[in-house]
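Colleague: The listed protein sequences correspond, in order, to chains E and R.
Everything in the first sequence is counted per numbering that gives the first Met the number 0, starting at 0 for the first residue and increasing by one.
Everything in the second sequence is counted per numbering that gives the first Met the number 0, starting at 0 for the first residue and increasing by one.
For every residue, glycine included, the Cβ atom is placed at its ideal position computed from N, Cα and C.
Just so it is clear, the structure is predicted and the values come from calculations on it, not from any experiment.
Before we start, here is the structure in question, set down as structure tokens.
2 protein chains.
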Amino acid sequence: MRSGTILSILGWLLFFLGLILLIPMGLSLFYQDGSWVAFLASSGIGILVGGGLAFSFRPDQEIGHREGFCIVALSWILAAALGALPYFFSGKIPNYIDAYFEAMSGFTTTGSTILEEVEILTKSLLFWRALTHWLGGMGIIILSLAILPVLGVGGMQLFKAEMPGPTKDRLAPRIQDTARILWGVYVLLTLIEVLLLMLAGMDLFDATCHAFATMATGGFSTKTASVGGYNSAAIDYIIIVFMILAGMNFTIHFRILQGKVVRSLKNEELRLYMLVGFGATALIFITNWWYGQYDDPLQNIRYSMFQAWSILTTTGFGTADFDTWAPCAKTVLVTLMLLGGMAGSTGGGIKHVRALIFMKFTRVQIKKLIHPMAVEAIKLDGKKIPQDVVQSILGFLSLYMAVGITATIVVTLTGVDIVTGSTSVIATLNNIGPGLGGVGPAKNFADLPYVAKVVLTLCMVAGRLELYTIALLFVPEYWKDMRRPKTRWSSLP
Amino acid sequence: MRSGTILSILGWLLFFLGLILLIPMGLSLFYQDGSWVAFLASSGIGILVGGGLAFSFRPDQEIGHREGFCIVALSWILAAALGALPYFFSGKIPNYIDAYFEAMSGFTTTGSTILEEVEILTKSLLFWRALTHWLGGMGIIILSLAILPVLGVGGMQLFKAEMPGPTKDRLAPRIQDTARILWGVYVLLTLIEVLLLMLAGMDLFDATCHAFATMATGGFSTKTASVGGYNSAAIDYIIIVFMILAGMNFTIHFRILQGKVVRSLKNEELRLYMLVGFGATALIFITNWWYGQYDDPLQNIRYSMFQAWSILTTTGFGTADFDTWAPCAKTVLVTLMLLGGMAGSTGGGIKHVRALIFMKFTRVQIKKLIHPMAVEAIKLDGKKIPQDVVQSILGFLSLYMAVGITATIVVTLTGVDIVTGSTSVIATLNNIGPGLGGVGPAKNFADLPYVAKVVLTLCMVAGRLELYTIALLFVPEYWKDMRRPKTRWSSLP
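Below is the structure:
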């Protein structure tokens, strides 16, 4: 392990984050909300520690696989450590574990909160909270479409060939190309959403914060009542549209902007995503209608559609307390929680492409019983999927269940009831936000014991980094074995 | 599809079941409990319909794969249809759907009941209820160690080579050998348990019924309070030992009786099974101690151990209302529910061997991230596992999740709450018996809506037949395509 390379890159990360912290500081001075000292101190720590590391260590020309995993995992862990400081220094979240939970929830675009009342935060802190989502979302797009495909994690190799840009395997040019193209899309969509939300009646501040949280499929709102607090059909529908866009693979947006509309819409994963989202909306609508949840069918469709897409895309915004809905609607929502967004989006969860490949794989297995000798390849969008990608995806499912069950056992060990315990794990592991019971949409994570909060923070980062990245750190071989892998990354600039 | 063969074999099944129904009829006459007419009528129907089919159709010389699946699936479906008649004719269970639920719960060795009070049944009906378990268990041993390995279902191919007896691929001699050897073990263990339970104070009737339910990992008791109704430490510990034995692969018992003790105990699946069972006991013991559930540690160990093994082996006997235990103990029990017994036992669930292979597979996938080019085979007991077995097992997990989630959505659609809904599916799909909430150990399935009961009945048979067998019937290709598979079964005698 070349720790110099790792420390240097992480140093740069902290340094830039330190600089970014000056934005909410400026905002604090502008609003005169008194939080500027907290931001200044945090920024100073980021710039000093980060700058110190960045200038003390020089990255190698080559970055190996193993360094790559370490950098990815530590990026989120350290970003949250620094990002938690403004909450902590301002005294608004007096316990650092809580502040860390909130910051990790931001950077992982989860949206679970330990705040009983969001409004106790100053405007600049609310902005920082939304900004952590947006920055985390940027990180995730690059991670899932440029870094994980090269590292070969959890079937993301699938997207190796799909990436825009000329270089497919050398990481640094790849990251640069991807960042330029996809962040462009990300910024553009965010701007459009801000404008539309303002047209629908939000002020610039709220519109920006909500657009950040939507595009990152995060879910932090500037109100405790979340999007429901605005009680505006226009706002609800605008956010629904942008949640749907944020849960889509960003290369699709890029292709559509290039004019390749028809080809992009033929994407099998996209079709499943739309089918599941609107199918779930219909199922929840019928359930709500059957149990007389809403008198007005227009209101019913609005709340059902919002909640279905909010949960499916793992955004987690709320316009209704779905914990009071009929059991079937809740079961559907929990199923959506597991599924999550499309791969290459800012959404979390298992991802539709994996579910699709599971289904195809299972169908092949069933068919094999009839024709034991037949060999059938699994195809996606007409292309054969290599065996090792299928296996990587199946391994992901297995790991996912193991992590989920273990985390639930530990969380319930702290005395949390079984519904709260299991859905809090699902809500964090899939980067959604709210769960059911004690962590339902009208509640928050404040009252959970600290052991549970630490486990759930781990769940957020493990889920966000597609499990393998974090699991790897617990394999002794990763640390011991110094043999060099064959695939190489090029040096960063 | 050669339907003549299928009808003939199913005819024989019903015919023999008709004959077996004369046993509880005799018992009814002996106890003068008035149920003999119900048994006589049921027996008559079985003998007439079954005999009619058996003598009208002649089986082919060869039985193909596809006929095999059909026979297996219809065996349980028809056995329950006939087995439900005594409950229905006697008027003790006046609704046929309920009676069918109870009979399917018996033959699938599930042990879920729709009876609010078991004691309303006459002695002969209680005996029939226990007997359906025992017969179902016999069926399962043959199914999992002789039939499914040849059909190649869900990784059970693993046990193709392990079977005692000279013939490994030809089904009829294989079934005969397996039946002779393993049923010998099954009967022997049942007899020993009956004797021990009588020594511990049960009368012959109760001892027989409980031994039937234990060896089949079924869980029907002759008391509503289940085994807890006897309040005897000796009975509890005897049943614990026999539950552990019943949840083990029966070839291990056979090998141990042959004197190959050391080799048998080196079995990796057995080690995991013991580790999980006693590990869970310890975890539940600690939780119960921490939350002050029991004052007396001896009582705590007794109840914790009983419940851990009862659930892990999918027996489902109760000595304590674990729904009132601390959340962590319940989470552990739900995890045990999913795991189930060893393959080749009468237990249900995913089976330890599959969990073991999942874990090994996932470990290989994680290691691949460090050495992408390395090829590592998955080994079990020192032997390499063929790729197609691993895939078959991974497909099983995927199918399992899909069925579980779909069933939970449908059950909660009927208005059942989410804990009751999800655990009722887990309890039936894994052939356990009780779940949590409305179907907790102190409650029963009586109050569920009929739609839910039908879905759960389907779950029982789907889970029991390792999902693939039932899933196959829903694949159009299975019905359309008449090409002959390569592997052949020999004719039945």
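Quick one: give me the first and last residue of the alpha helix (DSSP H) that Glu118/E is part of.
Modeller: On the first sequence, residue 118/E is found 119 positions in, with the first residue counted as 1. Here Glu118/E belongs to no alpha helix (DSSP H), and DSSP marks it neither H nor E.
Colleague: By a C-beta neighbour count over all protein chains shown, 10 Å radius and 16 as the cutoff for buried, is Gly534/E buried or exposed?
Modeller: Outside the shown range of chain E, which is 0 to 492, sits residue 534/E, and nothing can be said about it.
Colleague: So what does DSSP say about Lys452/E, is it helix, strand or coil?
Modeller: Within the first sequence, residue 452/E is the residue found at index 453, counting from 1. Note: Lys452/E maps to helix in three-state DSSP.
Colleague: Mind the definition here: the stretch 344-364 of chain E touches the stretch 267-279 of chain E only if three or more C-beta pairs lie below 8 Å; say whether that holds.
Modeller: Enough Cβ pairs lie closer than 8 Å, so yes.
Colleague: Please identify the residue among Gly183/R, Thr286/R, Ile22/R, Ile238/R whose C-alpha is closest to the C-alpha of Ala325/R.
Modeller: Within the second sequence, residue 325/R is the residue found at index 326, counting from 1. Nearest option by C-alpha distance: Thr286/R.
Colleague: Could you name the residues of chain R that Asp446/E contacts, counting a contact when the two beta carbons are closer than 9 Å?
Modeller: Within the first sequence, the letter at position 447 stands for residue 446/E. Residues of chain R passing the Cβ test: none, with the nearest at roughly 15 Å.
Colleague: Report yes if the CB atom of Leu396/R is closer than 9 Å to the CB atom of Ser397/E, and no otherwise.
Modeller: The count along the second sequence starts at 1 and reaches residue 396/R at position 397. The count along the first sequence starts at 1 and reaches residue 397/E at position 398. Yes; because the gap between Cβ atoms is below 9 Å, this pair is in contact.
Colleague: Indicate whether Gly394/E and Ile365/R have their beta-carbon atoms separated by less than 9 Å.
Modeller: Position 395 of the first sequence, counted from the start, is the residue given in the question as residue 394/E. Position 366 of the second sequence, counted from the start, is the residue given in the question as residue 365/R. Contact flag set, yes.
Colleague: Checking contacts by CB at 9 Å: is Met341/E closer than that to chain R?
Modeller: Here residue 341/E is taken as the residue at index 342 of the first sequence, counted from 1. No, because no Cβ of chain R sits closer than 9 Å to the Cβ of Met341/E.
Colleague: Along the stretch 370-385 of chain E, where does the CB come closer than 8 Å to a CB of chain R? Name the residues.
Modeller: Listed by position along the chain: His370, Pro371, Met372.
Colleague: Near Gly164/R, what residues of its chain come up, given a Cβ to Cβ distance below 7 Å and the 5 sequence neighbours on each side ignored?
Modeller: What you label residue 164/R is simply residue 165 of the second sequence in a count that begins at 1. Confidence is the limiting factor: at Gly164/R the pLDDT is only 49, short of 50, which leaves the residue's position unreliable and the question unanswerable from this model.
Colleague: Three-state secondary structure (DSSP) at Arg487/E?
Modeller: Indexing the first sequence from 1 puts residue 487/E at position 488. Confidence is the limiting factor: at Arg487/E the pLDDT is only 46, short of 50, which leaves the residue's position unreliable and the question unanswerable from this model.
Colleague: How close, in whole Å, do the beta carbons of Ile139/R and Thr345/R come, if the pair is a contact with beta carbons under 8 Å?
Modeller: Taking the first residue of the second sequence as position 1, residue 139/R is located at position 140. Taking the first residue of the second sequence as position 1, residue 345/R is located at position 346. Confirmed, Cβ separation roughly 5 Å.
Colleague: Leaving out five residues on either side along the sequence, give the residues of the same chain with a beta carbon under 6 Å from the beta carbon of Thr108/E.
Modeller: For this step, residue 108/E is matched to residue 109 along the first sequence. Excluding sequence neighbours, Thr108/E sits near His132, Gly135, Gly136, Ala215, Thr216, Gly217, Thr345, Asn430.
Colleague: Give the residues of chain E in contact with Asp416/R, contact being defined as C-beta atoms less than 8 Å apart.
Modeller: Locating residue 416/R in the second sequence gives position 417, counting from the first residue. The answer, in chain order, is Pro326.
Colleague: Please determine, among Met400/E, Leu379/E, Thr323/E, Lys367/E, the residue with the shortest C-alpha to C-alpha distance to Ser493/R.
Modeller: Outside the shown range of chain R, which is 0 to 492, sits residue 493/R, and nothing can be said about it.
Colleague: Give the residues from the stretch 353-368 of chain E that approach chain R closer than 7 Å (Cβ to any Cβ), ordered along the chain.
Modeller: Within the stretch 353-368 of chain E, the residues whose Cβ lies closer than 7 Å to some Cβ of chain R are Phe357, Phe360, Thr361, Gln364, Ile365, Lys366, Leu368, listed in chain order.
Colleague: Express the C-alpha separation of Thr318/E and Met247/E in angstroms, rounding to a whole number.
Modeller: As a first step, residue 247/E is located in the first sequence; it is residue number 248 there, counting from the start. As a first step, residue 318/E is located in the first sequence; it is residue number 319 there, counting from the start. Computed Cα separation, rounded: 22 Å.
Colleague: Under 9 Å between the Cβ atoms of Ile417/R and Thr330/E?
Modeller: Indexing the second sequence from 1 puts residue 417/R at position 418. Indexing the first sequence from 1 puts residue 330/E at position 331. A contact, by the Cβ cut-off of 9 Å.
Colleague: Say whether chain R places a C-beta atom closer than 9 Å to the C-beta of Pro165/E.
Modeller: Your numbering for residue 165/E matches position 166 in the first sequence. Below a pLDDT of 50, predicted positions are generally treated as unreliable, and Pro165/E, at 45, falls in that range; no measurement from the model is reported.
Colleague: In angstroms, rounded to a whole number, what distance separates the CA positions of Leu12/E and Ser104/E?
Modeller: Taking the first residue of the first sequence as 1, we reach residue 12/E at position 13. Taking the first residue of the first sequence as 1, we reach residue 104/E at position 105. In a straight line, the C-alpha of Leu12/E is about 18 Å away from that of Ser104/E.
Colleague: In chain E, which residues lie with their C-beta within 7 Å of the C-beta of Leu398/R?
Modeller: Stepping through the second sequence from its first residue, residue 398/R is reached at position 399. Thr361, listed in chain order.
Colleague: Between Trp75/R and Phe106/R, which are expected to be in contact by the criterion C-beta below 8 Å, what is the C-beta distance as a whole number of angstroms?
Modeller: Here residue 75/R is taken as the residue at index 76 of the second sequence, counted from 1. Here residue 106/R is taken as the residue at index 107 of the second sequence, counted from 1. Sure, about 6 Å apart at Cβ, within 8 Å.
Colleague: So, Val438/E versus Leu447/E, is the Cβ gap smaller than 9 Å?
Modeller: By 1-based counting over the first sequence, the position of residue 438/E is 439. By 1-based counting over the first sequence, the position of residue 447/E is 448. Going by C-beta atoms, Val438/E is nearer than 9 Å to Leu447/E.
Colleague: Return helix, strand or coil for Lys378/E, following the three-state DSSP convention.
Modeller: By 1-based counting over the first sequence, the position of residue 378/E is 379. DSSP places Lys378/E in strand when its eight states are reduced to three.
Colleague: Output the distance between the C-alpha atoms of Pro296/E and Ala445/R, rounded to the nearest integer angstrom.
Modeller: Stepping through the first sequence from its first residue, residue 296/E is reached at position 297. Stepping through the second sequence from its first residue, residue 445/R is reached at position 446. Spanning the two alpha carbons is a distance of roughly 35 Å.
Colleague: My output table needs one value for Ile431/E: the three-state DSSP class, helix, strand or coil.
Modeller: For the purposes of this step, residue 431/E is taken as residue 432 along the first sequence, with counting starting at 1. In the structure shown, Ile431/E sits in coil (DSSP, three-state: anything other than H, G, I, E or B).
Colleague: Quick one: what does DSSP say Ile239/R is sitting in, helix, strand or coil?
Modeller: Position 240 of the second sequence, counting from 1, holds the residue named residue 239/R. Here Ile239/R sits in helix by DSSP.
Colleague: Give the residues of chain R in contact with Lys329/E, contact being defined as C-beta atoms less than 8 Å apart.
Modeller: Locating residue 329/E in the first sequence gives position 330, where the first residue counts as 1. Result: Thr411, Ile417.
Colleague: Measure how close the beta-carbons of Arg65/R and Ile369/E come, nearest whole angstrom, since I'm counting them as under 8 Å.
Modeller: Taking the first residue of the second sequence as 1, we reach residue 65/R at position 66. Taking the first residue of the first sequence as 1, we reach residue 369/E at position 370. Going by Cβ atoms, the distance from Arg65/R to Ile369/E rounds to 6 Å, so yes, they are a contact pair.
Colleague: Applying a beta-carbon distance threshold of less than 7 Å, which residues of chain E neighbour Thr407/R?
Modeller: Along the second sequence, one-based indexing puts residue 407/R at 408. Here the neighbours are Thr330.
Colleague: Less than 9 Å between CB atoms is the rule here; does Lys485/E satisfy it with respect to chain R?
Modeller: Sequence index remark: in the first sequence, residue 485/E carries index 486 (1-based). With a pLDDT of only 44 at Lys485/E, under the threshold of 50, the placement of this residue in the model should not be trusted; the figure read from the coordinates follows. Cβ-Cβ to chain R under 9 Å: yes for Lys485/E.
Colleague: Taking 9 Å as the CB-CB cut-off, is Thr268/R touching chain E?
Modeller: Here residue 268/R refers to the residue found at position 269 of the second sequence. As written in the sequence, residue 268/R is Glu, which differs from the Thr given in the question. No, its Cβ sits nowhere closer than 9 Å to a Cβ of chain E.
Colleague: Mind listing which residues of the stretch 452-470 of chain E have their C-beta closer than 9 Å to chain R's C-betas, in chain order?
Modeller: Answer in chain order: Tyr467, Thr468, Ala470.
Colleague: Any idea which residues DSSP pairs Lys383/E with across the strands?
Modeller: Here residue 383/E is taken as the residue at index 384 of the first sequence, counted from 1. Paired residue(s): Lys378/E.
Colleague: Just the chain E side, please: which residues come within less than 8 Å of Phe68/R by C-beta, in chain order?
Modeller: Counting from one through the second sequence, the residue named residue 68/R turns up at place 69. The contacting residues are Leu368.
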